[in-house]
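The structure under discussion appears below in the form of structure tokens.
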Amino acid sequence: MLLDVEKITCDNCSDAIQKAIVAQDPTAQVTVNVAEQQVRVEGLLTQQQAIDALAAAGYPATNAAPHSGEGSDCCGGCS
């Protein structure tokens with residue numbers, strides 16, 4: 364799942380976000396993109412569980428808009 368997290372500003376934020384997710388799912392793979400303020404989570408957590416874990420850590424998150432397909436802003440040129 365891909366989440367938008369508006370309060371990501373530095374590597375310390377990235378570390379805190381990773382710890383918050385892994386505390387809920389030790390098997391989770393977490394990728395934080397500070398520049399895009401996005402977090403990709405792959406693991407056992409539902410989207411809502413990941414959002415709740417991040418909110419509890421002080422990082423409000425929302426579901427990221429899809430890059431392509433229905434509901435996206437993509438022009439389709441990279442598909």
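Residue numbers (my numbering): 364 to 442.
Each residue gets a CB set at the ideal place from its N, CA and C atoms; glycine is no exception.
Between ASN426 and MET364, the alpha-carbon positions lie close to 8 Å from each other. The C-beta distance from VAL368 to ALA424 rounds to 5 Å, short enough to fall under 8 Å. Our two residues, LEU417 and ALA428, have alpha carbons roughly 18 Å apart in a direct line. The continuous stretches of beta strand (DSSP E) do not include ASP388, and DSSP gives it neither H nor E.
Look at LEU365 here: in three-state DSSP terms it is strand.
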